[in-house]
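In what follows, a structure is listed as structure tokens, so that the remarks can point back to it.
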Amino acid sequence: MKRILIVDDSFYMRTMLKNMLTDAGYEVVGEAPNGQTALELAKETTPDLITLDVILPDNTGLDVLKGIKKDQPEMKVIIVSAVGQEVIVNEALEYGALSYIVKPFSEEKVLEVVNKALQD
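Here you go:
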């Protein structure tokens, strides 16, 4: 079973993603409401994939992405954010994100992107 870490400052969003992913047969190994917790949980839980929001209370998702990639260069990260500006999307992809999902999203879109990322 593939293990996923969810990073989002919104409890509602974390719960929604968790329900989608567990219903699809994934194991959610952790939830982080901020960047610091995300970096700690990424090391502790060694997930197969991380979903990461761009706007976090203590950090930007791009900084968290850089931190994760520095410690765990092979980690698969998908950005899930309401911030859909091309500049941010391109930056995230440059820093090593596999994909970028803009909120609001459909369950089909999330599962399609997650399935594809975990197949590679």
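Counting along the sequence shown from 1, when you hit position 72 you're at 72 in the UniProt record's numbering, and nothing is skipped either side.
Where a beta carbon is used, it is the ideal one built from N, C-alpha and C, also for glycine.
It should be emphasised that the depicted structure is a prediction, and the values quoted were computed from it without experimental measurement.
Proximity to residue i [Cα-Cα], best of the options
| i | options | result |
| --- | --- | --- |
| Leu98 | Met1, Asp58 and Gln119 | Gln119 |
| Leu52 | Pro33, Lys70, Lys43 and Glu44 | Pro33 |
| Val77 | Thr15, Met16, Tyr12 and Leu39 | Leu39 |
| Asn59 | Glu112, Arg3 and Gly35 | Gly35 |
| Asp8 | Lys2, Lys69 and Leu41 | Leu41 |
DSSP three-state assignment for residue i, whether helix, strand or coil
| i | result |
| --- | --- |
| Leu49 | strand |
DSSP beta-bridge partners of residue i
| i | result |
| --- | --- |
| Arg3 | Glu27 |
| Ile101 | Val80 |
Straight-line gap, residue i to residue j (C-alpha atoms, nearest Å)
| i | j | result |
| --- | --- | --- |
| Thr88 | Ile55 | A quick correction: the sequence has Ile, not Thr, at residue 88. Between Ile88 and Ile55, the C-alpha separation is close to 11 Å. |
| Ser106 | Lys43 | 29 Å |
| residue 127 | Gly25 | Given that the chain is displayed from residue 1 to residue 120, the structure contains no residue 127 and the question cannot be resolved. |
| Gly61 | Thr22 | 23 Å |
| Asp48 | Tyr95 | 18 Å |
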